[in-house]
Amino acid sequence: MPFEFIQIPANGQGNAKEELNQLLLRGRIASVRKEFVSHGEHSFWAFCVEYPSGPGLQDLRHHHMLE
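Residues in the sequence shown are numbered from 1 upward in steps of one, following our numbering.
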């Protein structure tokens, strides 16, 4: 199954949250896992979005890091 990995800064800076929401609105998502990584002012939320594999799926990037 294809995966997408995304990091969203805990301080809310940047547009990563909006980009994650757009990714999730595409549909056909098998699972989403999230974890908070506590690292002081560099803390972030880490998301792993898993897509079902099969015919008819669009070409997805396997790794995407957002700032």
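Virtual Cβ for every residue (Gly too), placed ideally from N, Cα, C.
Fair warning: this is a prediction, and the values are worked out from it, not measured in the lab.
| Asked | Found |
| --- | --- |
| Check whether Phe44 and Gln7 have beta carbons under 8 Å apart | yes |
| Best match in Leu23, Pro9, His39 and Gly40 for proximity to Tyr51 [C-alpha to C-alpha] | Leu23 |
| Collapsed DSSP secondary structure at Ala16 in the structure displayed | helix |
| Exposed unless 16 or more other CB atoms sit within 10 angstroms - verdict on Glu4 | buried |
| Short Cβ contact (8 Å threshold) for Phe47 with Leu25 | no |
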